[in-house]
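Here it is as structure tokens:
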């Protein structure tokens, strides 16, 4: 039978075998979201999950696992459990806040011996100049730029699972406990990544002017001018992201409806049409309900996150409590290397 199983199938096993198999079952359940995040990437971001059907999810999970494992014989998930990922994707993944993923460029440090990565704070100083016939192109050498070092941070949590839950076949308690264990991990990841934006100083603020659409246009213009010397080569059509609270997401979406020729513009609700592209509005509880604005983000580039270790678990027998203690940990970190890529846009 499969080594990775659902908890309620442990009832078919003798008590001692059930306890031994529980380790692999818990590890599999805890790592489902992480495997989906690897396989589906930024398609898990807010507003994109609905575009992924079962066939797409299953195919991409199989493709990802085929790269990770040498053969199907050494990887029962590849052949037997890809459909379970599709089911989990539609039932559980929509509940996990993964909107932050589309904001950051991932630096994959898994398997690396380095305890940090660097974000270069300035561009390399490349300059194009007109060259006369026969003249040499000047090159820049000896580049020495300042940088932000991003080291890993370890996050961990512990959980005890009682022997009685296994022996009395109370597997719903195991399922509830593991679901909370897993949910709190991804909740913490969301808190850490969104916190980088909400924790920025008032230097990134753009004051309200006339109406929401006019203020938005001014904020984008300010951002694009601020990053002009950063080497991004971004223009009017650069896709932008907005992070906002649940309380204000309706107002933000209504503002974005003020397109050229719309009723909102024609009848004076908004004085200007929206002049730039927002391809994603991310609503999250990690923006305070009392926040009087939203965060406008030019994603990726020098907004980077590093992942050193996926969520992993270890167990230790606790004979005194007649339980098995489970310890989970993960290593990751992130940074905004260029605050010019973010603006806090005020409503009033």
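Residue numbers (the working numbering): 8 to 355. Ideal placement from N, C-alpha and C gives every residue a C-beta, glycine not left out.
- When 248, 292, 232 are compared, the shortest CA-CA separation from residue 241 is found for 232.
- Residue 95 has its alpha-carbon roughly 24 angstroms from the corresponding atom of residue 339.
- Rounded to whole angstroms, residue 320 and residue 186 show a C-alpha spacing of 14 angstroms.
- By the CB criterion at 8 angstroms, residue 294 and residue 250 fall inside the cutoff.
- In this structure, DSSP gives residue 215 a state outside helix and strand, which the three-state scheme calls coil.
- Only residues of its own chain outside the window of five on either side were considered, and among them 283 have a CB closer than 6 angstroms to the CB of residue 227, listed in chain order.
- Taking all protein chains in view, the Cβ of residue 192 is crowded by 16 or more other Cβ atoms within 10 Å, so the residue is classified as buried.
- Distance from the CA of residue 352 to the CA of residue 219, rounded to the nearest whole angstrom, comes to 9 angstroms.
- Three or more beta-carbon pairs drawn from the region 290–309 and the region 244–261 are found closer than 8 angstroms, and the two stretches are therefore classed as touching.
- Counting the other CB atoms within 10 Å of its CB gives residue 21 a total below 16, which places it among the exposed residues.
- Two segments are said to touch when three or more pairs of C-beta atoms, one from each, lie closer than 8 angstroms; by this definition the region 198–214 touches the region 105–117.
- Secondary structure of residue 263 (DSSP, three-state): helix.
- Boundaries of the alpha helix (DSSP H) around residue 28: 22–47.
- Rounded to the nearest whole angstrom, the C-alpha separation of residue 47 and residue 235 is 32 angstroms.
- Close CB contacts of residue 229 within its chain, under the 7 angstroms cut and outside five residues either way in sequence, are with 213, 350 (chain order).
- For a cut-off of 8 angstroms, the C-beta gap from residue 116 to residue 313 is around 5 angstroms, short enough to register as a contact.
- The beta-bridge partner set that DSSP reports for residue 204 is empty.
- By the CB criterion at 8 angstroms, residue 265 and residue 277 fall inside the cutoff.
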